[in-house]
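Taking UniProt numbering, the leading residue of the sequence shown gets 1, the next gets one more, and so forth. Please read the structure below before turning to the comments.
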Amino acid sequence: GSQAALEGLLKKLHDNGIRGVADIVINHRPSFNGVADWGGWAITLGDRFSDGTGEHGPSHHDGKFDAAPDIDHRNQKVQQSIGIWLRWLRLQVGFDAWRFDSVEGYSPELVGLYCKKSEPAWAVGELWTDMVYDDQGLSYDQDKHRQGLCDWINGTDKTSTAFDFTTKGVLQEACKSCQYWRLRDSNGKPPGLIGWMPKHAVTFVDNHDTGSTQRHWPYPDDKVLVGYAYIITHPGIPCLFWDHVMDWGEDHRRKIVDLLKARQEAGIPSDAPVNILFAEHDLYLAEVGMPPKLRVALGPRGAADPDWSYWSECASGRDYRVWVQRPPVEVKSP
Numbered sequence: 001g002s003q004a005a006l007e008g009l010l011k012k013l014h015d016n017g018i019r020g021v022a023d024i025v026i027n028h029r030p031s032f033n034g035v036a037d038w039g040g041w042a043i044t045l046g047d048r049f050s051d052g053t054g055e056h057g058p059s060h061h062d063g064k065f066d067a068a069p070d071i072d073h074r075n076q077k078v079q080q081s082i083g084i085w086l087r088w089l090r091l092q093v094g095f096d097a098w099r100f101d102s103v104e105g106y107s108p109e110l111v112g113l114y115c116k117k118s119e120p121a122w123a124v125g126e127l128w129t130d131m132v133y134d135d136q137g138l139s140y141d142q143d144k145h146r147q148g149l150c151d152w153i154n155g156t157d158k159t160s161t162a163f164d165f166t167t168k169g170v171l172q173e174a175c176k177s178c179q180y181w182r183l184r185d186s187n188g189k190p191p192g193l194i195g196w197m198p199k200h201a202v203t204f205v206d207n208h209d210t211g212s213t214q215r216h217w218p219y220p221d222d223k224v225l226v227g228y229a230y231i232i233t234h235p236g237i238p239c240l241f242w243d244h245v246m247d248w249g250e251d252h253r254r255k256i257v258d259l260l261k262a263r264q265e266a267g268i269p270s271d272a273p274v275n276i277l278f279a280e281h282d283l284y285l286a287e288v289g290m291p292p293k294l295r296v297a298l299g300p301r302g303a304a305d306p307d308w309s310y311w312s313e314c315a316s317g318r319d320y321r322v323w324v325q326r327p328p329v330e331v332k333s334p
């Protein structure tokens, strides 16, 4: 659509209390109709997908993307141009926040620079790297993987959050193989980024690359709601996938909404503490908040009913149940 149509859409979002997030693809740059709107000066020197004549050859700062020319981010003119463009997207078009695509292609310090230049309300980076495997498959200890996410966030000077790929990988393996013991690390905390930097962790079940039509790393279809029962009840910033909400039927959407209502009713913040009571092969049970505001059970074994004077069940489905704390009973004086 046109710029006017996009601006109109963003205005409607704002009128309904919703912020608009723009997908910022600056790791690589394709040409449109055979014509690139930047010249070769902005592309890394010697890039094999273009006639790049930039100041620097490809490095970890500039991508090495295997399908399109890599931008020379160390070029100050490139940095200035991207900063101007981001400010235009925010101040003129009306976007509020950024999703930085494929950030393994350029240094986190540059993301920090671009955020400081454009001042978004929020930002998230897509750092999708290989998890740790051993002879048995996915390793229990994923500290190395989530440390990479922490290092990237710190590299941005904490101007950006990151998608919690560690949690996705561990959670989908736990659900697929009925190995819920994976959901507690050696220190008794959640094993993903949410266990270390929850306020900077954006949790998700699937996205347009991992699931949907591409299915590069899909979550088990029959366990998707179990995944949402985990990420929506736990710390971090849960992210919903359009397909799961809009294309999988009304019953599926209603169950996701029930989980969202539980989080809202319990008032779970992004950095809520988690007390993991059980993490065994067929049962995961945790209480979230301090004092506990929400209780969640995952797995086929099922958890025993809690103290009904304290807890009220508010969401349930195959292999998951969620309770929230009952409101205190008001005792009127005689």
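Yeah, the Cβ is synthetic: ideal placement off N, Cα and C, and Gly gets one too. The model shown is predicted, which means the values in this text are computed figures rather than measured ones.
- When the beta-carbon positions are compared, residue 125 and residue 103 come within less than 8 Å of each other.
- DSSP lists 285 as the beta-bridge partner residues of residue 278.
- Taking the Cβ atoms as the reference, residue 93 lies roughly 37 Å from residue 190, outside the contact range of under 8 Å.
- In the three-state reduction of the DSSP assignment, residue 272 falls in the coil class, being assigned neither a helical nor a strand state.
- Residue 88 sits away from residue 127, with the two beta carbons spaced by 8 Å or more.
- Burial state of residue 20 is buried, judged by a 10 Å Cβ sphere holding 16 or more other Cβ atoms.
- Per the DSSP secondary-structure output, residue 122 pairs in a beta bridge with 97.
- Counting the other Cβ atoms within 10 Å of the Cβ of residue 109 gives fewer than 16, which makes it exposed.
- Residue 147 and residue 239 have their C-alpha atoms some 21 Å from each other.
- Comparing alpha-carbon positions, the option among 105, 173, 196, 250 lying closest to residue 140 turns out to be 173.
- Annotated three-state conformation of residue 320 is strand, per DSSP.
- Counting along the chain, residue 202 sits inside the beta strand (DSSP E) bounded by residues 201–203.
- Per DSSP, residue 26 has no beta-bridge partner at all.
- Straight-line measurement puts the Cα of residue 8 at about 10 Å from the Cα of residue 14.
- The stretch 242–250 and the stretch 262–273 do not touch, with fewer than 3 CB-CB distances between them shorter than 8 Å.
- Proximity to residue 143 across 157, 156, 158, 165 peaks at 165, based on C-alpha coordinates.
- For residue 129, no alpha helix (DSSP H) run applies, since DSSP gives it neither H nor E.
- Going by C-alpha positions, residue 264 is about 10 Å away from residue 258.
- The way I'd put it, the stretch 286–305 does touch the stretch 321–329; three or more beta-carbon pairs between them come closer than 8 Å.
- Non-local beta-carbon contacts of residue 206 in its own chain, meaning distances under 6 Å to residues more than five positions away in sequence, involve 219, 241 in chain order.
- Using a Cβ distance threshold of 8 Å, residue 171 and residue 230 count as a contacting pair.
- In the DSSP assignment, residue 215 falls outside any beta strand (DSSP E), carrying neither H nor E.
- By the CB criterion at 8 Å, residue 261 and residue 314 fall inside the cutoff.
- 222 is the residue among 276, 159, 222, 252 whose C-alpha sits nearest the C-alpha of residue 177.
- Residues of the same chain with a CB within less than 6 Å of the CB of residue 96, apart from the 5 flanking positions on each side, are 19, 20, 121 in chain order.
- The Cβ-Cβ distance between residue 101 and residue 157 does not fall below 8 Å.
- For residue 44, there is no enclosing alpha helix (DSSP H), as DSSP marks it with neither H nor E.
- The distance from the Cβ of residue 91 to that of residue 117 is about 12 Å, inconsistent with a contact at the 8 Å cut-off.
- Going by DSSP, residue 295 is part of the beta strand (DSSP E) stretching over 294–298.
- Spatial neighbours of residue 215 in its own chain (CB-CB distance under 6 Å, excluding positions within 5 residues in sequence) are not present.
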